[in-house]
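Some notes on the structure that comes next.
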Amino acid sequence: MNDNNIVDAIAKARPGVAKYLAIMDCLYSVNVSQDQDFQTQYKGFYRVRQKSPDWYSAYFNLLEEYKGKRPSFSEILDSLSQSLGNGVCEASFSSKLVATLDPWQPIWDKYVLKNTGHKAPASKVVDKNALAKKNYASIQAWYINFLNSTEGKRWIFLFNENIDDYWRLTDIKKVDFILWQTRSEVS
63 MNDNNIVDAI AKARPGVAKY LAIMDCLYSV NVSQDQDFQT QYKGFYRVRQ KSPDWYSAYF
123 NLLEEYKGKR PSFSEILDSL SQSLGNGVCE ASFSSKLVAT LDPWQPIWDK YVLKNTGHKA
183 PASKVVDKNA LAKKNYASIQ AWYINFLNST EGKRWIFLFN ENIDDYWRLT DIKKVDFILW
243 QTRSEVS
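Oh and the sequence shown: position 170 is 232 in this note's numbering, straight run, nothing missing.
Structure, rendered in structure tokens:
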């Protein structure tokens with residue numbers, strides 16, 4: 063991507079950055095399992111939609127339970143699957159919970175997957191959670207390599223030049239925001 067594309071993606075991400083920072087500002091000052099305002103902000107930002115009340119309860123209880131900790135993706139994926147009791151692989155939502163508690167972890171969504179050369183486990187895969195864990199580890203490795211590259215350093219420089227509160231975000235979050243706004247493959 064050229065600098066203009068990166069700056070355009072950053073400009074598109076600006077409203078999301080403000081929403082993200084508002085979520086992070088509230089995270090440790092409220093009980094997220096009970097605070098409806100927090101849940102509404104979180105669900106809107108991360109596009110958590112059309113889930114049952116039981117699903118939301120399990121998810122936000124887990125987020126509250128793990129506050130102050132830095133759980134692994136594997137730990138949250140397994141805990142969420144167990145809490146829901148439905149055997150569904152919630153890789154994307156697990157990553158969002160992990161990345162909320164540990165901003166040095168990446169998000170799993172369709173644009174991040176596409177831009178990092180990954181795919182979600184197919185619906186016919188028997189053990190989706192095991193494959194999701196391998197994929198997430200590969201995504202983490204992609205971020206490490208990218209952030210150490212000349213291109214990754216350029217992205218961070220441009221982000222920092224264009225977002226006032228850049229210092230409040232980890233470099234991984236900065237790349238997440240650019241990837242979320244990028245609809246074509248980066249590398």
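Glycine included, every Cβ here is placed at the ideal spot set by N, Cα and C.
Locate the alpha helix (DSSP H) running through residue i, then write down its first and last residues.
i, result
"L124", "P115 to E127"
"K74", "D65 to L89"
"N177", "K172 to N177"
"E152", "Neither: E152 is in no alpha helix (DSSP H) and is coded neither H nor E."
"V110", "Unbroken run through V110: none, as it is neither H nor E."
"D238", "D233 to W242"
"G130", "That residue, G130, is in no alpha helix (DSSP H); it is neither H nor E in DSSP."
"W217", "T212 to N224"
Could you round the C-beta distance between residue i and residue j to whole angstroms and report it? I think they count as a contact, below 8 Å.
i, j, result
"V250", "F208", "For the chain, the structure presents residues 63 to 249; residue 250 sits outside this window and is missing."
"L241", "N177", "5 Å"
"L83", "D227", "6 Å"
I'd like to know whether the C-beta atoms of residue i and residue j end up nearer to each other than 8 Å.
i, j, result
"T244", "A80", "no"
"P168", "I201", "yes"
"G78", "F239", "yes"
"A153", "W170", "yes"
"K181", "F135", "no"
"S30", "F122", "What the structure shows of the chain is the stretch from 63 to 249, and residue 30 is not part of that stretch, so it cannot be assessed."
"N148", "E126", "no"
"I234", "Y205", "yes"
"C151", "N191", "yes"
"L163", "K131", "yes"
"V188", "F155", "no"
Do you know whose CA, among the options, lies nearest residue i's CA?
i, options, result
"P115", "I225, Q101, E127 and E126", "Q101"
"Q103", "I85, R111 and K113", "I85"
"I222", "V69, F107 and M63", "The sequence shown places Asn at residue 222, rather than the Ile named in the question. Closest option to N222, Cα to Cα, is V69."
"K172", "K129, R76 and Y108", "Y108"
Following a CB-centred definition, is residue i positioned closer than 7 Å to any heavy atom of the ligand HEM?
i, result
"W170", "As for the ligand HEM, it is missing from this structure, which has no ligand bound."
ask   = Taking one C-beta from the stretch 131-146 and one from the stretch 158-169 each time, how about it: are there three or more such pairs within less than 8 Å?
value = Touching, per the Cβ criterion.
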